[in-house]
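K.L.:
My structure is below; once you've seen it, I'll send some questions.
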Amino acid sequence: MGGSDAGAEAGMTEEVSKAAESDALRASGSSLTTRRRAARPAGPTGEASAEPISVSLGRTEARSKPEPTVADTRRPGNTRGVMRAAAVLAVVLIAALGVGLALMGRAQHRDDLRAARDQRFVDTAVQAVTNMMTYSPDSIDKNVDQFVNSTSGPLRGTFNPDNTANLKALYHQTGTSSEVVIKKASLESIDEVSKKASILISARVTLTNADSGVNEPSKSYRMRMIVAEDQQGTMTAYDLRWPDGQS
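Take the sequence shown: its position 130, counted from the start at 1, is 130 in full-length UniProt numbering, and no numbers get skipped.
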């Protein structure tokens, strides 16, 4: 009996131990199962594999963002350079235009001065011929003196005081008046060294008898008047070649 009880007790003890181990294993398995479920995210397992793709796309976007920033930082620099170049070009063009206009204005001024001087040569010759060939019985002395005072050089030497007095006396004796019409006067040439110009003049002279008032037939003359310019710019009739411009 005693051996039987001892064996039974030992068997019960072994069963209790196995039951305890079994419970411990279940508890451990349940704990492991619970940990695994807590560590795994909810939802199907296929969704978990999509997370690296999402992360990879996020990295790609992060790398591509600096590129537009670099381009943006370069554009303002290029724009400023273009604006500076355009401003410099505009200044150069304006300066060139100003210089061109100044040169054109200066050239035009020189042309105007030259044209005015040429006209003065012609006007001096015309006035000298008009004074020489226009007179009346009442104004002979005045007209002759006016002509002589507008001469110089060889022409002035021709009309010395004695010759001038003889010319006045001759006009008074004829008792005529004279009127001249300048048909044409043009500048032939200018010698800048001697400051003399040659003027070609075509004139028509009409004499009128003071007593009868009858006009004599008009006569045409062609002459070359040499006009001289002195240092002060005064112009005088220097020489006269006529008829037909010959000495």
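C-beta: ideal position from N, C-alpha, C; glycine also.
#1: Based on the DSSP output, what are the partners of Tyr221 in its beta bridges?
#2: Using a 10 Å radius around the Cβ and a threshold of 16 neighbouring Cβ atoms, would you call Val91 buried or exposed?
#3: In angstroms, rounded to a whole number, what distance separates the CA positions of Ser202 and Lys183?
#4: What residue range does the beta strand (DSSP E) around Thr151 cover?
#5: Report the residue ranges of all alpha helix (DSSP H) runs contained in full by the region 115 to 177; include only those spanning at least 4 residues, in chain order.
#6: Return the first residue and the last residue of the beta strand (DSSP E) that Asp239 is part of.
#7: I think Leu207 touches Ser178, with their Cβ atoms under 8 Å apart; what is that distance to the nearest whole Å?
#8: Closest by CA to Asp118, which one among Asp191, Asp138 and Gly153?
#9: Inspect the CB distances between the region 220 to 238 and the region 107 to 125 and report whether three or more fall short of 8 Å.
#10: Tell me the DSSP bridge mates of Lys196?
#11: Give me whichever residues DSSP pairs with Thr79 in a beta bridge.
#12: Given a cut-off of 8 Å, decide if Val227 and Ala185 are closer than it, judged by their beta-carbon atoms.
#13: What residue from Asp162, Ala116, Ala95 and Thr151 has the CA that sits closest to Asp230's CA?
#14: Quick one, which of Thr158, Asn163 and Gln127 has its alpha-carbon nearest Gln146's?
#15: Any idea if Asp112 is buried or exposed, counting beta-carbon neighbours within 10 angstroms, 16 or more meaning buried?
#16: Is the Cβ-Cβ distance between Val144 and Leu167 less than 8 Å?
#17: On a Cα-Cα basis, can you pick out the residue from Ser218, Asp239 and Ala210 that is closest to Ile140?
#18: Taking 6 Å as the limit between beta carbons, can you name the residues of its chain near Gly219, skipping five residues before and five after?
#19: For His172, which option in Ala116, Leu97, Asp138 and Val193 has the closest C-alpha, if you only look at C-alpha atoms?
P.N.:
With the given structure in hand:
#1: Ala203
#2: exposed
#3: 5 Å
#4: First-last for Thr151: undefined, no H or E at that position.
#5: 140 to 149, 153 to 158 and 161 to 174
#6: Met235 to Arg241
#7: Right, their Cβ atoms sit about 5 Å apart.
#8: Asp191
#9: With the cut-off at 8 Å, the region 220 to 238 and the region 107 to 125 touch.
#10: Asp191 and Ala228
#11: Its beta-bridge partners do not exist; DSSP assigns none.
#12: no
#13: Thr151
#14: Gln127
#15: exposed
#16: yes
#17: Ala210
#18: As written in the sequence, residue 219 is Lys, which differs from the Gly given in the question. Around Lys219: Val205.
#19: Asp138
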